[in-house]
Amino acid sequence: MAEPLLELRSLRKSFGGLAVTRDVSLALSTGEIHALIGPNGAGKTTVIHQVSGTLRPDSGQVIFGGEDVTRLGLASRARRGLARSFQITCIIPGFSALENVALAAQARAGSSFRFFRPAAGEAALNGEAMEALREVGLHGRADLPAGALSHGEKRQLELAIALAMHPRALLLDEPLAGTGPEEAERLIRILSALKPRYGILLIEHDMQAVFALADRISVLAEGRVIASGTPAEIRADAAVRAAYLGEEEG
Amino acid sequence: MRWRDVILPLLIFAALALAPFVGFGQGHSLTLLARAMIFGMAAISLSLLVGGAGLISLGHAALLGIGAYAVVVLDHARVTDALLVVPIAVAAAALFALLTGAVAIRTSGVHFIMITLAFGQMAFFTASSLALYGGDDGYTLYGRLELGGSRLLEDRLFFHFACLALLAGTWLLVEALLRSRFGRVLRAARENEMRARAVGFAPYPFRLASYVIAGAIAGLAGVMLANSAEFVAPAYLTWQRSGDLLFMVILGGLAGPHGALMGALAFVLIEEWLSHLTEHWRLIFGPLLVLCVFFMRDGIAGLLRRG
Numbered sequence: 000m001a002e003p004l005l006e007l008r009s010l011r012k013s014f015g016g017l018a019v020t021r022d023v024s025l026a027l028s029t030g031e032i033h034a035l036i037g038p039n040g041a042g043k044t045t046v047i048h049q050v051s052g053t054l055r056p057d058s059g060q061v062i063f064g065g066e067d068v069t070r071l072g073l074a075s076r077a078r079r080g081l082a083r084s085f086q087i088t089c090i091i092p093g094f095s096a097l098e099n100v101a102l103a104a105q106a107r108a109g110s111s112f113r114f115f116r117p118a119a120g121e122a123a124l125n126g127e128a129m130e131a132l133r134e135v136g137l138h139g140r141a142d143l144p145a146g147a148l149s150h151g152e153k154r155q156l157e158l159a160i161a162l163a164m165h166p167r168a169l170l171l172d173e174p175l176a177g178t179g180p181e182e183a184e185r186l187i188r189i190l191s192a193l194k195p196r197y198g199i200l201l202i203e204h205d206m207q208a209v210f211a212l213a214d215r216i217s218v219l220a221e222g223r224v225i226a227s228g229t230p231a232e233i234r235a236d237a238a239v240r241a242a243y244l245g246e247e248e249g
Numbered sequence: 000m001r002w003r004d005v006i007l008p009l010l011i012f013a014a015l016a017l018a019p020f021v022g023f024g025q026g027h028s029l030t031l032l033a034r035a036m037i038f039g040m041a042a043i044s045l046s047l048l049v050g051g052a053g054l055i056s057l058g059h060a061a062l063l064g065i066g067a068y069a070v071v072v073l074d075h076a077r078v079t080d081a082l083l084v085v086p087i088a089v090a091a092a093a094l095f096a097l098l099t100g101a102v103a104i105r106t107s108g109v110h111f112i113m114i115t116l117a118f119g120q121m122a123f124f125t126a127s128s129l130a131l132y133g134g135d136d137g138y139t140l141y142g143r144l145e146l147g148g149s150r151l152l153e154d155r156l157f158f159h160f161a162c163l164a165l166l167a168g169t170w171l172l173v174e175a176l177l178r179s180r181f182g183r184v185l186r187a188a189r190e191n192e193m194r195a196r197a198v199g200f201a202p203y204p205f206r207l208a209s210y211v212i213a214g215a216i217a218g219l220a221g222v223m224l225a226n227s228a229e230f231v232a233p234a235y236l237t238w239q240r241s242g243d244l245l246f247m248v249i250l251g252g253l254a255g256p257h258g259a260l261m262g263a264l265a266f267v268l269i270e271e272w273l274s275h276l277t278e279h280w281r282l283i284f285g286p287l288l289v290l291c292v293f294f295m296r297d298g299i300a301g302l303l304r305r306g
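Listed in order, the protein sequences are those of chains A and B.
Residue 102 in numbering that gives the first Met the number 0 is what sits at position 103 of the first sequence, and the numbering runs on without skipping anything.
Residue 213 in numbering that gives the first Met the number 0 is what sits at position 214 of the second sequence, and the numbering runs on without skipping anything.
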């Protein structure tokens with residue numbers, strides 16, 4: 000089997016005496032959506048923080064594209080092609096939607112220590128940004144200030160920003176959070192269209208979306224992976240039902 | 000509305016160019032205008048930090064002072080040609096900005112303010128202790144700098160237009176910087192640092208570069224200030240002076256360098272006007288500034304935009 004695109008090896012993280020990530024290992028390949036699910040407080044976002052470089056694990060390794068990136072920060076990992084979205088929308092409200100995405104395109108298009116030419120006039124950056132906006136269906140809103148977009152549109156914008164980074168892997172932290180049913184459906188369509196080109200690590204509470212999208216699912220409870228398998232295997236797993244899926248029925 | 004950001008400065012520059020020929024040509028008026036333009040340069044450089052990079056420095060006067068003291072040190076060594084003095088003074092201010100900025104920019108918010116304040120006070124006390132250059136009393140220059148052997152800067156009108164050219168150049172430079180790729184990263188990191196990092200930009204080198212550029216411009220303003228007054232004293236470096244600069248920037252508005260330009264001119268001219276009315280002018284000036292902050296949240300630039 001080919002080397003996975005992204006691999007977490009025995010990640011551990013504690014805050015004081017509280018162990019929030021306990022020996023988490025998982026792998027992600029290109030063309031695959033690996034969903035990480037679990038009840039609130041299971042430590043899903045903490046895992047994403049460690050994978051993206053926002054937090055450093057106490058022990059364990061993050062291997063991306065064959066390189067150990069455990070010691071690198073968020074910005075360095077982003078430049079290597081590891082793009083993340085945030086649970087709470089993270090955009091630049093004062094920039095237009097287009098400029099939000101153009102900033103991401105700029106990050107990989109040569110040096111940003113250019114002092115005189117107006118960046119807003121750079122056709123190559125704008126073209127790339129427009130393409131990413133079109134991919135998420137937001138091209139009609141390109142010139143609006145990002146802060147004026149609806150909540151669902153902001154989620155789409157964040158996805159466009161990630162795409163403009165031309166990443167190899169996407170880390171998506173609850174991309175559907177707070178979106179209406181229509182917007183959610185649209186985002187699910189977008190994600191499944193994106194799947195062949197990227198490896199996607201997805202955190203999501205919307206189980207319908209998870210089972211529709213994921214190739215593999217890992218279930219996190221109290222910082223530990225208690226089950227990992229195909230959607231069908233997870234659905235049938237008794238421990239998972241007890242820890243998580245059962246709660247939703249009850 | 001961006002055209003106003005360009006039209007207003009151009010109108011101001013035109014007015015400053017005409018001023019000597021429409022009744023403001025006497026020595027006193029020209030000195031005042033030169034002072035306003037020089038503080039305009041310094042305020043615009045500070046606005047690159049405050050409005051552009053989100054770095055609120057309370058030590059900007061130190062950079063101005065280093066430019067001025069470079070003139071003093073070289074004057075004492077009989078080096079008085081601008082072609083030599085200006086590059087050295089600007090380099091000295093930029094170097095100070097690089098060394099202190101490298102430390103200060105590792106912090107943010109209140110800590111950044113305190114560290115820039117501390118470095119500024121260090122520079123102030125150093126200047127006060129330079130007995131060779133007059134210590135607390137300051138140092139009177141033999142005269143203004145020469146320009147390639149000529150005494151052109153002694154000519155009041157030439158000096159006026161030299162200040163105007165530098166002011167306009169500073170405005171143009173900072174305006175261009177903020178619109179460039181470099182400025183886009185600065186603005187992005189100011190508005191949402193996490194977002195900037197998440198697309199791959201570590202803000203530190205960009206902020207440090209902006210700090211050095213602002214320092215270099217302030218150093219140049221310091222050279223002009225020394226030449227305008229033909230006198231330099233440690234008072235140039237006090238933290239109160241840094242506070243004045245910060246106030247000019249906020250008074251004018253943080254939306255761009257045009258705000259700082261208007262803020263500096265308004266500050267210097269109102270200060271002058273009030274000090275003629277009464278010797279207790281500070282009692283009026285203080286509350287006036289407070290009212291400005293209360294009723295003009297976006298500064299003079301914001302007021303003009305609405306009007």
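Just so it is clear, CB atoms sit at the ideal spot from N, CA and C, and this is done for glycine as well.
Listed in chain order, the alpha helix (DSSP H) runs fully inside the segment 173 to 233 of chain A are 180 to 193 and 206 to 212, counting runs of at least 4 residues. For Thr20 of chain A, the uninterrupted beta strand (DSSP E) run begins and ends at Leu17 to Leu27, by DSSP. The segment 20 to 48 of chain B is shown to contain whole alpha helix (DSSP H) runs of 4 or more residues at 26 to 46, in chain order.
With a contact defined as Cβ atoms closer than 8 Å, Met36 of chain B and Cys162 of chain B qualify at about 4 Å.
Close to Pro230 of chain A, with beta-carbon spacing below 9 Å, lies no residue of chain B; the smallest spacing is near 29 Å. If you draw a straight line from the Cα of Val211 of chain B to the Cα of Glu203 of chain A, it is about 45 Å long. His165 of chain A sits in coil when the DSSP states are folded into three classes, being neither helix nor strand.
Taken in chain order, the members of the segment 61 to 89 of chain A whose beta-carbon sits within less than 9 Å of a beta-carbon on chain B are Gly72, Leu73, Ala74, Ser75, Arg76, Ala77, Arg78, Arg79, Ala82, Arg83, Ser84, Phe85 and Cys89. Annotation: Cβ neighbours of Met193 of chain B in chain A (cutoff 9 Å, chain order): Thr53, Leu73, Phe85 and Cys89.
Listed as beta-bridge partners of Phe95 of chain B by DSSP are no residues whatsoever. Within the same chain, Cβ atoms closer than 6 Å to the Cβ of Gly58 of chain B are found at Thr115, Leu116, Phe118, Gly119 and Ser241, the five residues on either side in sequence being excluded.
Not a single CB atom of chain A sits nearer than 7 Å to the CB of Phe111 of chain B. Ala147 of chain A places its beta carbon 7 Å or farther from that of Leu97 of chain A. When 8 Å is used as the limit between beta carbons, Leu169 of chain A is near no residue of chain B, the shortest such separation being about 12 Å.
Only buried fits Leu4 of chain A, as 16 or more other CB atoms lie within 10 angstroms of its CB. The Cβ of Pro166 of chain A sits no closer than 7 Å to any Cβ of chain B. Contact check for Leu62 of chain B against Ala217 of chain B passes: the beta carbons are separated by less than 7 Å.
Unbroken beta strand (DSSP E) stretches of 3 residues or longer found wholly inside the segment 211 to 297 of chain B: none. For a Cβ distance threshold of 9 Å, nothing in chain A lies close to Glu153 of chain B: the least Cβ distance comes to about 34 Å. It is roughly 34 Å from the alpha-carbon of Arg105 of chain B to the alpha-carbon of Ala131 of chain A.
Taking a C-beta distance under 7 Å as the contact criterion, Met40 of chain B and Leu166 of chain B qualify as a contact pair.
The shortest CA-to-CA distance from Gly15 of chain A to any of A:Thr44, A:Gly30, A:Ile47 and A:Asp57 is the one to A:Asp57. Burial is judged here by how many other beta carbons sit within 10 angstroms of a residue's own beta carbon; Val21 of chain B has fewer than 16 and is exposed. Rounded to whole angstroms, Val85 of chain B and Glu145 of chain B show a C-alpha spacing of 11 Å. Residues of the segment 197 to 208 of chain B with a C-beta less than 9 Å from any C-beta of chain A: Ala197, Val198, Gly199, Phe200, Ala201, Pro202, Pro204, Phe205 and Ala208, listed in chain order.
Annotation: the segment 116 to 201 of chain B contains the following complete segments of the alpha helix (DSSP H) (minimum length 4 residues), in chain order: 155 to 178, 180 to 190 and 192 to 197. Taking the Cα positions, Ala161 of chain A is about 19 Å away from Gly139 of chain A. In this structure, Ala108 of chain A and Ala123 of chain A form a Cβ contact; the two beta carbons are roughly 7 Å apart against a cut-off of 8 Å. The beta-carbon of Leu176 of chain B is placed less than 7 Å from the nearest beta-carbon of chain A. Each of B:Gly64, B:Ala103, B:Leu94 and B:Gly133 was checked against the Cα of Ala122 of chain B, and the nearest Cα belongs to B:Gly64. In chain order, Arg113, Phe114, Phe115, Arg116, Pro117 and Ala118 make up the part of chain A whose C-beta sits under 7 Å from the C-beta of Ser179 of chain B.
For Arg196 of chain B, the number of other beta carbons within 10 angstroms of its own is at least 16, and it is reported as buried. When 9 Å is used as the limit between beta carbons, Arg183 of chain B is near these residues of chain A: Phe94, Glu98, Ala101, Leu102, Gln105, Ser111, Ala118 and Ala119, in chain order.
Those residues of the segment 259 to 272 of chain B placed with their C-beta closer than 8 Å to a C-beta in chain A do not exist.
DSSP places Leu35 of chain A inside the beta strand (DSSP E), whose first and last residues are Ile32 to Ile36.
At a cut-off of 7 Å between beta carbons, Ala187 of chain B contacts chain A.
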